[in-house]
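Structure first, then comments.
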Amino acid sequence: MEYFLQNFINALQWGSFYALIALGYSMVYSILMLFNFAHGDIFMIGAYIGFCIASLFILLFGGAAPGWLVLILTIIVSMFLTSLLGVLIEKIGYRPLRNAPRASAAITGLMIGIILETSNIAIFGTKRIAFPQLVETVTYNISGVFITNKKIIIVAISLFLMAGLHFFIEKTKWGMAMRAMSYDFLTVPLMGISLNVIAPLTFAIGSALAAAAGILYGLAYPVLDPYMGILLGWKAFVAAILGGRGSILGAALAGFLLGFIEIFTAMIFPSTLRDLIAYSIILIILTVRPHGFFGKAHSSSLRL
Amino acid sequence: MKPIIRFKKFFRFFSAMPALGWLFGFLTAVIIEYLIGDNIAWMLGLPKIPALFGFLIMLKKPLLIPGASAYIIIVYLLPLTLTARFCSGTINKIAAKLYKLPTPVYTVLYLIFLYIIIDIWAGISDYRIVTIKLTFIAIILTLSLNVINGYMGEFSCSHTGFMALGAYTASTVTLILCANDKLFGEALLPSYLAPFLFPIALIAGGIIAAIGSLLVAIPSFRTRGDYLAIISLAFMFIVKSLIENLEVLGGARGMGSQPHLANLPTVFIWTALSIWIINNFVTSIIGKATNAVRDNETAANAMTVNTRKTKIVTFMFAAFWAGIAGGLFAHVLCYVNPGTFGIKKLAEIFTMVYFGGLNSVVGSIIGAISFNLASEALRPLELFKWIIIPVIMILIMIYKPTGLVAFKEFNIKKILAPKGDK
Chain A
0 MEYFLQNFIN
10 ALQWGSFYAL
20 IALGYSMVYS
30 ILMLFNFAHG
40 DIFMIGAYIG
50 FCIASLFILL
60 FGGAAPGWLV
70 LILTIIVSMF
80 LTSLLGVLIE
90 KIGYRPLRNA
100 PRASAAITGL
110 MIGIILETSN
120 IAIFGTKRIA
130 FPQLVETVTY
140 NISGVFITNK
150 KIIIVAISLF
160 LMAGLHFFIE
170 KTKWGMAMRA
180 MSYDFLTVPL
190 MGISLNVIAP
200 LTFAIGSALA
210 AAAGILYGLA
220 YPVLDPYMGI
230 LLGWKAFVAA
240 ILGGRGSILG
250 AALAGFLLGF
260 IEIFTAMIFP
270 STLRDLIAYS
280 IILIILTVRP
290 HGFFGKAHSS
300 SLRL
Chain B
0 MKPIIRFKKF
10 FRFFSAMPAL
20 GWLFGFLTAV
30 IIEYLIGDNI
40 AWMLGLPKIP
50 ALFGFLIMLK
60 KPLLIPGASA
70 YIIIVYLLPL
80 TLTARFCSGT
90 INKIAAKLYK
100 LPTPVYTVLY
110 LIFLYIIIDI
120 WAGISDYRIV
130 TIKLTFIAII
140 LTLSLNVING
150 YMGEFSCSHT
160 GFMALGAYTA
170 STVTLILCAN
180 DKLFGEALLP
190 SYLAPFLFPI
200 ALIAGGIIAA
210 IGSLLVAIPS
220 FRTRGDYLAI
230 ISLAFMFIVK
240 SLIENLEVLG
250 GARGMGSQPH
260 LANLPTVFIW
270 TALSIWIINN
280 FVTSIIGKAT
290 NAVRDNETAA
300 NAMTVNTRKT
310 KIVTFMFAAF
320 WAGIAGGLFA
330 HVLCYVNPGT
340 FGIKKLAEIF
350 TMVYFGGLNS
360 VVGSIIGAIS
370 FNLASEALRP
380 LELFKWIIIP
390 VIMILIMIYK
400 PTGLVAFKEF
410 NIKKILAPKG
420 DK
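Which chain is which? The protein sequence lines are A and B, in order. Residue numbers for the first sequence follow numbering that gives the first Met the number 0, beginning at 0 and rising by one. Residue numbers for the second sequence follow numbering that gives the first Met the number 0, beginning at 0 and rising by one.
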């Protein structure tokens, strides 16, 4: 039982990374009907930006500021910077291709991903970088289940961000505009809401969430390498599909589900089989429910 | 104005030159390189014959740029220009004579001619041989992916998965039957049978890939849209992960010591065969049905096209060729590991398809050749290669979203026809 609970908590942490990244995929899809294949690399860049900001803060404040304050400041500043990157990518890569076949946009996304990866290698080199430890690890033992304070912080922050996103989309005017745009992107611009405002906003929010995921990842596993975007990004992409294309709630839930699948397969089977079993389960789920958990069936004219 | 006119006049020679003339020009060029290339390179101060039209040398040592460009001019451009200037008439007459033969006959003659040129050109260094083999394999891959992404209008991400299936199946067959190795022990058959077994091994790889493709095709062709993209992506990861976990096949360490069966003529023949068969496929009834399904599935269905069957057959066909390409790939490198068949390889194949052009056999050939040569030529830039190529690709996607030579038919008669006054 303890073993199960222990893994449950690990899965919650692991799933929150997937959920945060999958949200970005799903939001962009709901507005522009395309997958931003560069999103995994935005996550990676976000983690590296977080690394730079955190190192800078540590250099500036030294030991004067408490770790949690530095962490929160780092997250906020890097989310902001990464969202600028997202806006830039939308502007350069996706806006000229809005009327092109969607496959072209997918290729552009892949290429932007490669550029981000390569420039990152050019700056930081291929070797792994240790993420600065902002918070001291404290382990709580609750009747045999070990919980570190980091896990609590990670799950709490990601849940907080998801709740914030939900609030933003459901309660604010901007969120309403986004929902309207995802409902019908041809008519809504006639009502005075420009796609050229909403699309960058979507990219900005998605990238900011990816950056937060990157920093939290760095907090949990304090090594950054330039290929972590590929590793997590594609799985998060699959999670976004699993939740249903364009569904925010679905993406978050499917992210957690994917985390659970992976951790529990690693619990039962040897860990090398993790990918195999996770993707096989996804294949079976998608065969039974082609549109994911919360997705709507598309008309046959829609194609990549 | 004047230089432009002169420039145009200069190129008029080339416009009058038939395909045969180009072949003649290149033949003289490669023969010159083969016979006295070393001397010319030595006179121009180059350490050895520039392996890839001088690009590598130019980027590595900028001081040698004049020498390398002089070498290109002397060895390649000069014979080509001279042939174009003085022999066009004669060659046109020969080409017209050849043109009267049945189409398969003169196509084969041209192919033999082309092969001789490539063989002489590649004989200079091993580097050239490997480059040209990989380029040929890339042509097969690009064509087969173009069948799905261009002709059928779907977005398949599982091509590296099919490649891996083909590579591992073909390697297993050849390793069991005709090689002494650590994984499977002694060879079962004498080694002189190996060249005859190799096609069987390749075809076995292709068939396994085609059967594997059913796993993607059956669930994903029930609905349209980007569904195939996701299922095929998952399939690719499943194949990769499966091979990583199969210790029988070497696991994540990979599988090595394949016999050297994929020599230049073999790869050339398979490539020519694949171009021929794929071109026939896409111009056949089923190929046209595939196009109809892409453009409007409902209308195609109303016109008695069995859409589901068409899609599945086309998908299996493409997977078959991907499997063949994988088998060749494994035997060219004599080593494969599951990591080879990842997202990076997939991105490369996508680049070649979308660079060359969708729905076009010529486009795929151009895309594969130019991408391979460019990525080899930019190798000295190391990291920046992976910035330059994506930037070019993004620009092409912005200005020509379907690729350079999209929606063009491949007509061998037109290409090989004699030119000039009629």
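Glycine residues also receive a C-beta, built at the ideal position from the N, C-alpha and C atoms.
Say whether chain B places a C-beta atom closer than 9 Å to the C-beta of residue 337 (chain A). The first residue shown for chain A is 0 and the last is 303, placing residue 337 (chain A) beyond what the model contains.
Simplified DSSP state of residue 198 (chain A), which is helix, strand or coil: If you number the first sequence from 1, residue 198 (chain A) lands on position 199. Note: residue 198 (chain A) maps to helix in three-state DSSP.
Could you please give me the residues that DSSP links to residue 118 (chain B) through a beta bridge? Sequence index remark: in the second sequence, residue 118 (chain B) carries index 119 (1-based). Beta-bridge pairing links residue 118 (chain B) to no other residue.
Below 8 Å on C-beta distance, what does residue 233 (chain A) contact in chain B? Taking the first residue of the first sequence as 1, we reach residue 233 (chain A) at position 234. Neighbours of residue 233 (chain A) on chain B, chain order: 232, 236 and 342.
Helix or strand or just coil, what does DSSP make of residue 192 (chain A)? On the first sequence, residue 192 (chain A) is found 193 positions in, with the first residue counted as 1. Looking at residue 192 (chain A) - three-state DSSP - the assignment turns out to be coil, as it is neither helix nor strand.
So, is the C-beta of residue 290 (chain B) closer than 9 Å to a C-beta in chain A? Stepping through the second sequence from its first residue, residue 290 (chain B) is reached at position 291. No, residue 290 (chain B) does not count as interfacial toward chain A.
Could you check the C-alpha separation between residue 205 (chain B) and residue 324 (chain B) for me, to the nearest Å? One-based indexing of the second sequence puts residue 205 (chain B) at position 206. One-based indexing of the second sequence puts residue 324 (chain B) at position 325. Going by C-alpha positions, residue 205 (chain B) is about 8 Å away from residue 324 (chain B).
Check distances from the C-beta atoms of the stretch 235 to 254 of chain B to those of chain A and list, in chain order, the residues that come in under 7 Å. If the cut-off is 7 Å between Cβ atoms, the stretch 235 to 254 of chain B has 236, 237, 240, 241, 243 and 244 near chain A.
Assign residue 349 (chain B) to one of three DSSP states: helix, strand, or coil. To locate residue 349 (chain B), count along the second sequence from 1; it is residue 350. Helix, per DSSP.
Decide if residue 383 (chain B) is buried, meaning its Cβ has at least 16 other Cβ atoms within 10 Å, or exposed. The residue labelled residue 383 (chain B) in the question sits at position 384 within the second sequence. Its Cβ having fewer than 16 others within 10 Å, residue 383 (chain B) is exposed.
Going by DSSP, what residue range makes up the beta strand (DSSP E) through residue 140 (chain A)? If you number the first sequence from 1, residue 140 (chain A) lands on position 141. Residues 138 to 141.
Between the stretch 145 to 157 of chain A and the stretch 263 to 271 of chain A, do three or more beta carbon pairs fall short of 8 Å? Verdict: no, contact absent.
Quick check: the stretch 16 to 26 of chain B against the stretch 56 to 72 of chain B, are at least 3 beta-carbon pairs closer than 8 Å? Per the Cβ contact rule, the stretch 56 to 72 of chain B is not in contact with the stretch 16 to 26 of chain B (fewer than 3 Cβ pairs under 8 Å).
Nearest residue (CA-CA) to residue 287 (chain A), options B:217, B:345 and B:275: By one-based count along the first sequence, residue 287 (chain A) stands at place 288. Comparing C-alpha distances from residue 287 (chain A) to each of B:217, B:345 and B:275 shows the shortest one belongs to B:217.
If contacts are defined as beta-carbon pairs under 8 Å, then residue 168 (chain A) and residue 177 (chain A) qualify, I think. What distance do you get, rounded to the angstrom? Stepping through the first sequence from its first residue, residue 168 (chain A) is reached at position 169. Stepping through the first sequence from its first residue, residue 177 (chain A) is reached at position 178. Right, their Cβ atoms sit about 6 Å apart.
Out of B:314, B:262, B:302 and B:17, state which residue places its alpha-carbon closest to the alpha-carbon of residue 79 (chain B). Within the second sequence, residue 79 (chain B) is the residue found at index 80, counting from 1. When each option's Cα is compared against that of residue 79 (chain B), the closest is B:17.
Less than 9 Å between CB atoms is the rule here; does residue 95 (chain A) satisfy it with respect to chain B? Counted from its first residue, the first sequence places residue 95 (chain A) at position 96. Among the CB atoms of chain B, one or more fall inside 9 Å of the CB of residue 95 (chain A).
Closer than 8 Å is the cut-off here; do at least three beta carbon pairs connect the stretch 43 to 50 of chain A with the stretch 212 to 228 of chain A? A contact exists between the stretch 43 to 50 of chain A and the stretch 212 to 228 of chain A.
Looking only at DSSP bridge pairs, what is residue 334 (chain B) linked to? Translated into positions along the second sequence, residue 334 (chain B) becomes position 335. Looking at the DSSP assignment, residue 334 (chain B) forms a beta bridge with B:255.
Against chain B, which members of the stretch 263 to 286 of chain A pass a CB distance test of less than 7 Å? Sequence-ordered contacts of the stretch 263 to 286 of chain A with chain B read 271, 272, 274, 275, 278, 279, 281, 282, 285 and 286 [C-beta pairs closer than 7 Å].
Coarse secondary structure for residue 147 (chain A), derived from DSSP in three states: Mapped onto the first sequence, residue 147 (chain A) falls at position 148. Three-state result, residue 147 (chain A): strand.
Distance, Cα to Cα, residue 353 (chain B) vs residue 366 (chain B)? Looking up residue 353 (chain B) in the second sequence gives position 354. Looking up residue 366 (chain B) in the second sequence gives position 367. The C-alpha of residue 366 (chain B) is placed about 8 Å away from the C-alpha of residue 353 (chain B).
Would the stretch 232 to 248 of chain A and the stretch 3 to 19 of chain A be scored as touching if the rule is three or more Cβ pairs under 8 Å? Yes, they touch.
Nearest neighbour of residue 146 (chain B), chosen from B:313, B:14 and B:100 [CA to CA]: Along the second sequence, one-based indexing puts residue 146 (chain B) at 147. When C-alpha distances from residue 146 (chain B) are compared across B:313, B:14 and B:100, the shortest belongs to B:313.
What runs of the alpha helix (DSSP H), each 4 residues or longer, lie entirely inside the stretch 227 to 310 of chain B? Within the stretch 227 to 310 of chain B, the runs of alpha helix (DSSP H) at least 4 residues long that lie entirely inside it are, in chain order, 263 to 282, 284 to 294 and 296 to 301.
Could you name the residues of the stretch 104 to 122 of chain A whose beta carbon sits closer than 9 Å to any beta carbon of chain B, in the order they occur along the chain? Taking a C-beta cut-off of 9 Å against chain B, the contacting residues of the stretch 104 to 122 of chain A are 104, 105, 106, 107, 109, 110, 111, 112, 113, 114, 116, 117, 118, 120 and 121, listed in chain order.
Opposite residue 128 (chain A) in the DSSP bridges: which residues? Here residue 128 (chain A) is taken as the residue at index 129 of the first sequence, counted from 1. Residue 128 (chain A) has A:223 as its beta-bridge partners, per DSSP.
Can you pull the chain A residues whose beta carbon is under 8 Å from the beta carbon of residue 281 (chain B), in chain order? Taking the first residue of the second sequence as 1, we reach residue 281 (chain B) at position 282. Within 8 Å of the CB of residue 281 (chain B), no CB atom of chain A is found; the nearest one sits about 18 Å away.
Compare the Cα-Cα distances from residue 231 (chain B) to each of B:345, B:275 and B:195 and report the closest residue. Mapped onto the second sequence, residue 231 (chain B) falls at position 232. For the residues B:345, B:275 and B:195, the minimum Cα distance to residue 231 (chain B) belongs to B:345.
Residue 270 (chain B): which of B:378, B:30, B:143 and B:297 sits nearest, CA to CA? Counted from its first residue, the second sequence places residue 270 (chain B) at position 271. A check of alpha carbon separations from residue 270 (chain B) across B:378, B:30, B:143 and B:297 identifies B:143 as the nearest.
What would DSSP say about residue 254 (chain A), mapped onto helix, strand or coil? Stepping through the first sequence from its first residue, residue 254 (chain A) is reached at position 255. In the structure shown, residue 254 (chain A) sits in a helix (DSSP, three-state: H, G or I).
For residue 92 (chain A), return the contacting residues in chain B, with the cut-off set at a CB-CB distance below 8 Å. Walking along the first sequence from the start, residue 92 (chain A) turns up at place 93. In chain order: 393.
Secondary structure at residue 184 (chain B), three-state DSSP: helix, strand or coil? Counting from one through the second sequence, the residue named residue 184 (chain B) turns up at place 185. Note: residue 184 (chain B) maps to strand in three-state DSSP.
Expressed to the nearest angstrom, what Euclidean distance is found between the alpha-carbon atoms of residue 83 (chain B) and residue 13 (chain B)? Taking the second sequence and counting its residues from 1, the one referred to as residue 83 (chain B) is at position 84. Taking the second sequence and counting its residues from 1, the one referred to as residue 13 (chain B) is at position 14. Note on geometry: alpha-carbon atoms of residue 83 (chain B) and residue 13 (chain B) lie some 6 Å from one another.
Could you pull the start and end residues of the alpha helix (DSSP H) that residue 58 (chain A) belongs to? As a first step, residue 58 (chain A) is located in the first sequence; it is residue number 59 there, counting from the start. It spans 38 to 60 - the alpha helix (DSSP H) in which residue 58 (chain A) sits, taken as one unbroken run.
If you count every other CB in all the chains shown that lies within 10 Å of the CB of residue 219 (chain B), and 16 or more means buried, which is it? On the second sequence, residue 219 (chain B) is found 220 positions in, with the first residue counted as 1. Here residue 219 (chain B) is buried. Its C-beta has 16 or more other C-beta atoms within 10 Å.
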